[in-house]
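J.: Here it is: the structure, laid out below.
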Amino acid sequence: MQRKRMNIESEILKRFVEVAHKYGYNVFKGQGKDNRIIIDGNTYFQFGDLRVDTETYHIVIEAESAGGVTNLVKYWYCLEKNLDIIKKAYCPFSCVSSK
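In this text, residue positions in the sequence shown follow the numbering used here: the first is 11, and each later residue adds one.
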């Protein structure tokens with residue numbers, strides 16, 4: 011019998027959403043137009059699994075349960091080009107389940 015896959019990423023992000031809303035901040039998630047960075051023309055990438063913009067920070071959360079770091083590679087472009095997209099805080103999380 012195959013076990014149901016647990017969505018660990020969703021569980022992690024849920025707590026961040028709760029805290030952001032507690033302090034009155036909007037949360038941006040997924041591939042929608044409000045949560046992407048324009049690279050060039052029609053080239054975009056997702057700005058984290060979850061993003062919260064405060065008065066002084068873009069807080070970007072990447073939650074990865076598969077163990078890879080490929081989602082982090084897209085930020086190298088921003089750093090190399092010195093783009094003012096990631097101002098202060100970046101929080102990558104790697105999740106491993108023992109279940």
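Beta carbons are placed, not taken as given, at the ideal position from N, Cα and C, and that holds for glycine.
Can you tell me which of the three DSSP states Glu72 falls into?
T.: Looking up residue 72 in the sequence shown gives position 62. Here Glu72 sits in strand by DSSP.
J.: Looking at C-alpha atoms only, which residue of Asp59, Glu65, Glu72 and Ile49 is the closest neighbour of Glu90?
T.: As a working mapping, residue 90 is identified with position 80 in the sequence shown. Measuring from the Cα of Glu90, the nearest candidate turns out to be Ile49.
J.: Which partner residues of Val62 appear in the DSSP bridge assignment?
T.: Working through the sequence shown from its first residue, we reach residue 62 at position 52. Answer is Val37 and Ile69, bridged to Val62.
J.: Since Lys32 is in the alpha helix (DSSP H), which residue starts that stretch and which ends it?
T.: Taking the first residue of the sequence shown as position 1, residue 32 is located at position 22. Unbroken alpha helix (DSSP H) run through Lys32: Ile18 to Lys32.
J.: Leaving out five residues on either side along the sequence, give the residues of the same chain with a beta carbon under 8 Å from the beta carbon of Asp63.
T.: For the purposes of this step, residue 63 is taken as residue 53 along the sequence shown, with counting starting at 1. Taken in chain order, the residues that qualify are Tyr35, Asn36, Phe38 and Ile69.
J.: Shortest alpha-carbon distance to His31 belongs to which of Gly42, Val83 and Arg61?
T.: For the purposes of this step, residue 31 is identified with residue 21 of the sequence shown, where counting begins at 1. Of the candidates Gly42, Val83 and Arg61, the one whose C-alpha sits nearest the C-alpha of His31 is Arg61.
J.: As a quick exercise: from Trp86, Val83 and Ala73, pick the residue whose alpha carbon is nearest that of Phe26.
T.: What you label residue 26 is simply residue 16 of the sequence shown in a count that begins at 1. Looking at the Cα atoms, Ala73 is the closest of the given residues.
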